[in-house]
Amino acid sequence: MVAYRFEDSRGGESVERHLAGYTGLLQVDGWGAYNRLADARSAGGPLALAACWVHLRRNFYELHVSGVSAVASETVERMAGLWAVEEEIRGQHPDFRRATRQEQSAAIIAELWPFWEKELGRISGKSKLAEAIRYARSRREALERFLHDGRLDIDSNAVERAIRRQTISGSFCPCWAGGRDPLSLASVFRVPSSLRVQRRARAGTHRSPRRCARQCHHRSGLGDRSGRLRRDGAGSPKRIAGRAA
Numbered sequence: 001m002v003a004y005r006f007e008d009s010r011g012g013e014s015v016e017r018h019l020a021g022y023t024g025l026l027q028v029d030g031w032g033a034y035n036r037l038a039d040a041r042s043a044g045g046p047l048a049l050a051a052c053w054v055h056l057r058r059n060f061y062e063l064h065v066s067g068v069s070a071v072a073s074e075t076v077e078r079m080a081g082l083w084a085v086e087e088e089i090r091g092q093h094p095d096f097r098r099a100t101r102q103e104q105s106a107a108i109i110a111e112l113w114p115f116w117e118k119e120l121g122r123i124s125g126k127s128k129l130a131e132a133i134r135y136a137r138s139r140r141e142a143l144e145r146f147l148h149d150g151r152l153d154i155d156s157n158a159v160e161r162a163i164r165r166q167t168i169s170g171s172f173c174p175c176w177a178g179g180r181d182p183l184s185l186a187s188v189f190r191v192p193s194s195l196r197v198q199r200r201a202r203a204g205t206h207r208s209p210r211r212c213a214r215q216c217h218h219r220s221g222l223g224d225r226s227g228r229l230r231r232d233g234a235g236s237p238k239r240i241a242g243r244a245a
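Final position of the sequence shown in the UniProt record's numbering is 245; the numbers increase by one with none missing.
Listed below in structure tokens is the structure:
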């Protein structure tokens, strides 16, 4: 099931309001509001966060492509093994996914922590590499949670892809209603789409994220709409912030 909720800000109170009373697993990106929510709930009920490995990888990847850190490059290379495992188990039963991760992915991750700790003692605490390592350390439990629950994904890419079209479209909405009302309909129409993706994954015909993104952008027709906005001379519409929890 896919549901969209519109907010005019990224304040932590938005998350607290939408997830009031929720208990269970919550797969999220690195937004600090989720951590605060989990900490506040620790005494009132179980709320377990599952962190996104793509957001963690991004910190090391930026250093890798700039060519300034051999440690970052090796980290990216080791992490590639995690997604190789995910390719093999996509669409499989949660029990099989968990067992495979325990057998293959857990060893890769177990070797990353001492590798990072050793390097952390050698570099400046103000360096980008140190920041990336500390980011991982502070989220270790949440990052490793997918190893123990086959229902979870290794990353939040599915959510990022699901919200991309609505977020881009919201950038051209001149009022809050223009962002809120379409999201109500999007929640209805997105569910059948997500089910089709799951069926393709089970059948081994899952499309790549890059291909999905290109097709979503093409179908959205944003180029034409943005062009009309400019030709109308109405000025730049107010950018509306949207987020999916």
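Backbone N, C-alpha and C fix where the C-beta goes; we use that ideal spot for every residue, glycine too.
Worksheet item: For the beta strand (DSSP E) that contains G24, what are its first and last residues?
Response: As a first step, residue 24 must be located in the sequence shown, where it is residue number 24. Going by DSSP, G24 is part of the beta strand (DSSP E) stretching over 24–27.
Worksheet item: Mind checking G150: buried by the 16 CB within 10 Å criterion, or exposed?
Response: On the sequence shown, position 150 is the one that residue 150 refers to. G150 is classed as buried because its beta carbon has at least 16 other beta carbons within 10 Å across all chains shown.
Worksheet entry | Start and end residues, alpha helix (DSSP H) containing A110 | As a first step, residue 110 must be located in the sequence shown, where it is residue number 110. The continuous alpha helix (DSSP H) containing A110 extends over residues 106–120.
Worksheet item: DSSP on L49, reduced to helix/strand/coil?
Response: Here residue 49 refers to the residue found at position 49 of the sequence shown. The three-state reading of DSSP puts L49 in strand, counting E and B together.
Worksheet item: Residues in its own chain within less than 6 Å of A106 by CB, not counting five upstream and five downstream?
Response: Within the sequence shown, residue 106 is the residue found at index 106, counting from 1. Non-local beta-carbon contacts of A106 in its own chain, meaning distances under 6 Å to residues more than five positions away in sequence, involve L147 in chain order.
Worksheet item: So what does DSSP say about G11, is it helix, strand or coil?
Response: The residue labelled residue 11 in the question sits at position 11 within the sequence shown. Annotated three-state conformation of G11 is coil, per DSSP.
Discussion item. Quick test of your reading: A51 and L25, contact by CB under 8 Å. State the CB separation rounded to the nearest angstrom.
Written reply: Within the sequence shown, residue 51 is the residue found at index 51, counting from 1. Within the sequence shown, residue 25 is the residue found at index 25, counting from 1. Between A51 and L25, the beta carbon gap of about 12 Å keeps them out of contact (Cβ cut-off 8 Å).
Fill in: Within 7 Å, strictly: CB atoms of D155 and W53
Translated into the one-based positions of the sequence shown, residue 155 becomes position 155. Translated into the one-based positions of the sequence shown, residue 53 becomes position 53. Yes. Within cutoff.
Worksheet item: Does DSSP put W83 in a helix, a strand or coil?
Response: Position 83 of the sequence shown, counted from the first residue, corresponds to residue 83. Helix, per DSSP.
Discussion item. Between A3, E77, L56, L19, which has its C-alpha nearest S138's C-alpha?
Written reply: Within the sequence shown, residue 138 is the residue found at index 138, counting from 1. It is L56.
Practice prompt. Taking F96 as part of the alpha helix (DSSP H), name the residues at either end of that continuous run.
Written response: By 1-based counting over the sequence shown, the position of residue 96 is 96. Per DSSP, F96 is one residue of the alpha helix (DSSP H) stretching across 94–100.
Worksheet item: If you draw a straight line from the C-alpha of R161 to the C-alpha of E141, how long is it?
Response: In the sequence shown, the residue the question calls residue 161 occupies position 161. In the sequence shown, the residue the question calls residue 141 occupies position 141. For R161 and E141, the distance between alpha carbons rounds to 25 Å.
Worksheet item: What is the rounded straight-line gap between the Cα of V28 and the Cα of L82?
Response: Indexing the sequence shown from 1 puts residue 28 at position 28. Indexing the sequence shown from 1 puts residue 82 at position 82. Spanning the alpha carbons of V28 and L82 requires a straight line of approximately 18 Å.
Practice prompt. Could you spell out where the alpha helix (DSSP H) holding Y135 opens and where it closes?
Written response: Counting from 1 along the sequence shown, the entry for residue 135 is found at position 135. 128–138 is the extent of the alpha helix (DSSP H) around Y135.
Worksheet entry | A130 vs I123 beta-carbon contact at 7 Å | On the sequence shown, position 130 is the one that residue 130 refers to. On the sequence shown, position 123 is the one that residue 123 refers to. Yes. Within cutoff.
Worksheet entry | Closest residue to S66 among I109, A158, E87, K128 (Cα-Cα distance) | To locate residue 66, count along the sequence shown from 1; it is residue 66. Ranking I109, A158, E87, K128 by Cα distance to S66 puts K128 first.
Worksheet item: What does a CB cutoff of less than 6 Å around A20 pick up in its chain, not counting 5 residues either side in sequence?
Response: Position 20 of the sequence shown, counted from the start, is the residue given in the question as residue 20. Closer than 6 Å at Cβ, skipping near neighbours: no residue.
Discussion item. Are the CB atoms of Y135 and N35 within a distance shorter than 7 Å?
Written reply: To locate residue 35, count along the sequence shown from 1; it is residue 35. To locate residue 135, count along the sequence shown from 1; it is residue 135. With contacts defined by Cβ atoms closer than 7 Å, N35 and Y135 do not form a contacting pair.
Worksheet item: Is there contact here, the stretch 69–79 with the stretch 104–120, by at least three beta-carbon pairs under 8 Å?
Response: Yes: the two stretches touch, three or more of their Cβ pairs being nearer than 8 Å.
Practice prompt. Kindly give me the distance between the Cβ atoms of E144 and V71, rounded to whole angstroms, as I take these residues to be in contact under 8 Å.
Written response: In the sequence shown, residue 144 corresponds to position 144, counting from 1. In the sequence shown, residue 71 corresponds to position 71, counting from 1. Taking a contact as a CB-CB distance under 8 Å, the pair E144 and V71 does not count as one, their CB atoms being some 20 Å apart.
Worksheet item: Who are the near neighbours of R219 in its chain, counting only those whose CB is closer than 7 Å to its CB and skipping five residues on each side?
Response: If you number the sequence shown from 1, residue 219 lands on position 219. Unreliable positioning characterises R219 in this predicted model, as indicated by a pLDDT of 39, which lies under 50. A coordinate reading is not provided.
Item to complete: Measure the Cβ-Cβ separation of residue 295 and E16 and say whether it is below 7 Å.
Response: Outside the displayed range of the chain (1 to 245) lies residue 295, so it cannot be described from this structure.
Worksheet item: Rounded to a whole number of angstroms, what is the C-alpha to C-alpha distance between A84 and R90?
Response: Reading the sequence shown from its first residue, position 84 is the one you call residue 84. Reading the sequence shown from its first residue, position 90 is the one you call residue 90. Computed Cα separation, rounded: 10 Å.
Worksheet entry | Inter-residue spacing [alpha-carbon to alpha-carbon] between A158 and A3 | Locating residue 158 in the sequence shown gives position 158, counting from the first residue. Locating residue 3 in the sequence shown gives position 3, counting from the first residue. Those two C-alpha atoms are separated by around 13 Å.
Worksheet entry | Status (buried if at least 16 other CB within 10 Å, exposed otherwise) for T10 | The residue labelled residue 10 in the question sits at position 10 within the sequence shown. The amino acid at residue 10 is misidentified as Thr; the sequence shows Arg. The residue is exposed, with fewer than 16 neighbouring Cβ atoms inside 10 Å.
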